[in-house]
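Under the numbering used here, the residues of the sequence shown are numbered 2 to 491, in order. Ideal Cβ placement from N, Cα and C applies to all residues, glycine included. For reference, the structure is listed below as structure tokens.
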Amino acid sequence: MASMALVQFPLFLNASKSTSISPNTLSPSTKPTRFQISSRQESFLDLTPTSKPEFLNIDLRRHDASCRREYGMVVIGGGPAGLRLAERVSLQGVDVCCIDPSPLSGWANNYGSWVDEFESMGLEDCLDKTWPMTYVIIDEQKRKYLDRPYGRVGRKVLKTKLMESCLSQGVRFHAAKAWKVVHEEFSSTVQCSDGCDVKGSLVVDASGFSSALLDYDARRGQQQRGYQIAHGILAEVEEHPFDLDKMLLMDWRDSHMGNEPYLRPANNKLPTFLYAMPFSHNLIFLEETSLVSRPVLSYAEIKKRMVARLRHLGIKVKQVLEDEKCLIPMGGPLPIIPQSVVGAGGTAGLVHPSTGYLVARALATASVMADVIVECLGSIRMVRGRQLHGRVWSSLWPLERKLEREFYCFGMETLLKLDLQGTRRFFDAFFDLDPYYWHGFLSSRLSLEELAMLSLSLFGHASNPSKLDIVSKCPIPLAKMMGQLALASI
Ligand SMILES: Cc1cc2nc3c(=O)[nH]c(=O)nc-3n(C[C@H](O)[C@H](O)[C@H](O)COP(=O)(O)OP(=O)(O)OC[C@H]3O[C@@H](n4cnc5c(N)ncnc54)[C@H](O)[C@@H]3O)c2cc1C
Numbered sequence: 002m003a004s005m006a007l008v009q010f011p012l013f014l015n016a017s018k019s020t021s022i023s024p025n026t027l028s029p030s031t032k033p034t035r036f037q038i039s040s041r042q043e044s045f046l047d048l049t050p051t052s053k054p055e056f057l058n059i060d061l062r063r064h065d066a067s068c069r070r071e072y073g074m075v076v077i078g079g080g081p082a083g084l085r086l087a088e089r090v091s092l093q094g095v096d097v098c099c100i101d102p103s104p105l106s107g108w109a110n111n112y113g114s115w116v117d118e119f120e121s122m123g124l125e126d127c128l129d130k131t132w133p134m135t136y137v138i139i140d141e142q143k144r145k146y147l148d149r150p151y152g153r154v155g156r157k158v159l160k161t162k163l164m165e166s167c168l169s170q171g172v173r174f175h176a177a178k179a180w181k182v183v184h185e186e187f188s189s190t191v192q193c194s195d196g197c198d199v200k201g202s203l204v205v206d207a208s209g210f211s212s213a214l215l216d217y218d219a220r221r222g223q224q225q226r227g228y229q230i231a232h233g234i235l236a237e238v239e240e241h242p243f244d245l246d247k248m249l250l251m252d253w254r255d256s257h258m259g260n261e262p263y264l265r266p267a268n269n270k271l272p273t274f275l276y277a278m279p280f281s282h283n284l285i286f287l288e289e290t291s292l293v294s295r296p297v298l299s300y301a302e303i304k305k306r307m308v309a310r311l312r313h314l315g316i317k318v319k320q321v322l323e324d325e326k327c328l329i330p331m332g333g334p335l336p337i338i339p340q341s342v343v344g345a346g347g348t349a350g351l352v353h354p355s356t357g358y359l360v361a362r363a364l365a366t367a368s369v370m371a372d373v374i375v376e377c378l379g380s381i382r383m384v385r386g387r388q389l390h391g392r393v394w395s396s397l398w399p400l401e402r403k404l405e406r407e408f409y410c411f412g413m414e415t416l417l418k419l420d421l422q423g424t425r426r427f428f429d430a431f432f433d434l435d436p437y438y439w440h441g442f443l444s445s446r447l448s449l450e451e452l453a454m455l456s457l458s459l460f461g462h463a464s465n466p467s468k469l470d471i472v473s474k475c476p477i478p479l480a481k482m483m484g485q486l487a488l489a490s491i
């Protein structure tokens, strides 16, 4: 089977700066002493984010480079996926080392998630703000209120919780970049940027989307990836028009383009929406998002649309506390399964191909992987080498899951074909589905049969123009899906 390394994405992941911001209001320490916008400044884009990189105040247990210790598991990457896996595996008695260039740096991304996803993992205390209701603005006339609470992940709380749990179970940390992994029959050695080697029975790559350590399946080319691109700001504003008890998942209105008509044709073709988490009357996270595009929509275009939208909504930004450039590769090839390095989180292809969501799934999947890893490493039969890699990869991507993923990729391919009107009609019908189906679809927890039921139901709920969209635009994505289903099942 041919293989290829995943394209590197050094530029986009991510420009955000982190700081500790109270979710409810500006804390006295972050309150600006003076407004940082002047009459000369035309938009929030001219404002420099005021936050500083954040570090956790925790005493690390460091890997001792002088002793030739062999760990049960070595995890590359201290993001949500890597730390959760280190925590889950070490909890069951396996010794673990985590390699990350800066283990104590705060995570930079602003993560949002459905509250029930965090509750099901017992991590609801790691959401620092929740909204009892979520809503979608389809157009000027139509809003859909969704009875599903949404939350912002308290990234500092979550990282601290995982780190402390890891440390109490003896996990060692090594501050370096992993460069290369060298395999022997029953162990692997990670060679690091500082010249140090770290050896383990199993190496897991949880280094985010841009892994150079895993090989990806060349049967599905990189060109089949879609990309979610967004520009987000955590901002102090004079005021904003959004209800504080509701999270705005998507606002597809384009009335702001009445003032900027030159933006309209491109938005009709490749629409973007506003995502908003209001924390208080003057503190809000706003993100202009292209759900999926291929080739990726230009970042400059996203920012122009966001400037026009905020101007139209009368949102005057006084201070940008954080900004983030979000670029998430969606769909495309999975890693070759199995291979000697195991993936986790972004490297493992776990991102939802139609939505870009990943964090809850990465955390949940870590528990499933951990059970298999512990079973293998802890068993009297000492399952190691190829058998170990095969078992862990199968826990990540059993056949059923691979087939389900084809369905989510079909969702992405369909969205790629829709213009603004088509996208609106799609979400109008989608959020009319029985909540069991739309919740399950967005949380990647429907079986193949349920996904088939969802398609039929979606067709049933669709308006006539939407049915026409499905009939005229879906055959190619459908044919692609059938082909990929056949490949996945080989
Ligand atoms: C800006 C942004 C916003 C997002 N928002 C959401 C959201 O709201 N909800 C959601 O569900 N998903 C979201 N995602 C998608 C996804 O959840 C995140 O990308 C998430 O951070 C992925 O977790 P991870 O642990 O796989 O990788 P990462 O969080 O990227 O962590 C990887 C870690 O590995 C380290 N590393 C990298 N290379 C090496 C190396 N060679 N050696 C050692 N360490 C290395 C990095 O320094 C980093 O600490 C977002 C993504 C982005 C980019």
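- Unbroken beta strand (DSSP E) stretches of 3 residues or longer found wholly inside the segment 244-309: 247-252, 274-279 and 284-294, given in chain order.
- Across the set Ser464, Pro296 and Trp253, the C-alpha of Trp253 shows the shortest separation from the C-alpha of threonine 273.
- Inclusion of proline 81 in the 8 Å shell around ligand 1 follows from its C-beta lying nearer than that to a non-hydrogen atom of the ligand.
- Residue range 189-193 is occupied by the beta strand (DSSP E) that includes glutamine 192.
- At a cut-off of 8 Å, the beta-carbon of valine 183 does not count as near ligand 1: no heavy atom of the ligand is closer than that.
- In the displayed model, valine 360 falls within a helix according to three-state DSSP.
- For ligand 1, a non-hydrogen atom lies closer than 8 Å to the CB of serine 103.
- Put simply, of Gly391, Ala87, Asp429 and Arg392 the residue whose alpha carbon is nearest the alpha carbon of isoleucine 100 is Ala87.
- With respect to the 9 Å criterion, isoleucine 139 and glutamine 229 are not classified as neighbours on the basis of their beta carbons.
- Under the criterion of beta carbons closer than 8 Å, alanine 176 and proline 102 qualify as touching, at roughly 6 Å.
- With contact defined as three or more Cβ pairs closer than 8 Å, the segment 405-425 and the segment 293-301 are in contact.
- Excluding residues up to 5 positions away in sequence, Ala82, Arg85, Leu86, Arg89 and Ala345 lie with their Cβ nearer than 7 Å to the Cβ of alanine 367 in the same chain.
- By the Cβ-count criterion, methionine 383 is exposed, with fewer than 16 other Cβ atoms from all chains shown falling within 10 Å of its own Cβ.
- Secondary structure in the segment 44-132: the alpha helix (DSSP H) runs of 4 residues or longer, each lying completely within the stretch, are 81-92 and 116-120 in chain order.
- Between ligand 1 and alanine 363, a heavy atom-to-CB distance of less than 8 Å is present.
- Our two residues, arginine 226 and methionine 331, have alpha carbons roughly 6 Å apart in a direct line.
- Under DSSP, threonine 135 forms a beta bridge with Leu147 and Met248.
- At least 9 Å separates the beta-carbon of valine 183 from that of valine 76.
- According to the DSSP assignment, phenylalanine 431 belongs to the alpha helix (DSSP H) that extends over 421-431.
- When DSSP states are grouped into helix, strand and coil, isoleucine 329 belongs to the strand group.
- In the DSSP assignment, leucine 203 falls within the beta strand (DSSP E) that extends over 198-206.
- Contact check between the segment 314-326 and the segment 207-227: fewer than three CB pairs, one atom from each, fall below 8 Å, which does not count as touching.
- Three or more Cβ pairs closer than 8 Å define a contact, and the segment 190-210 meets that threshold against the segment 66-75.
- The bridge partners DSSP lists for valine 342 are Val204.
- Taking the Cα of lysine 468 as reference, the smallest distance to any Cα among Lys403, Asp433, Leu434 and Gly423 is reached at Gly423.
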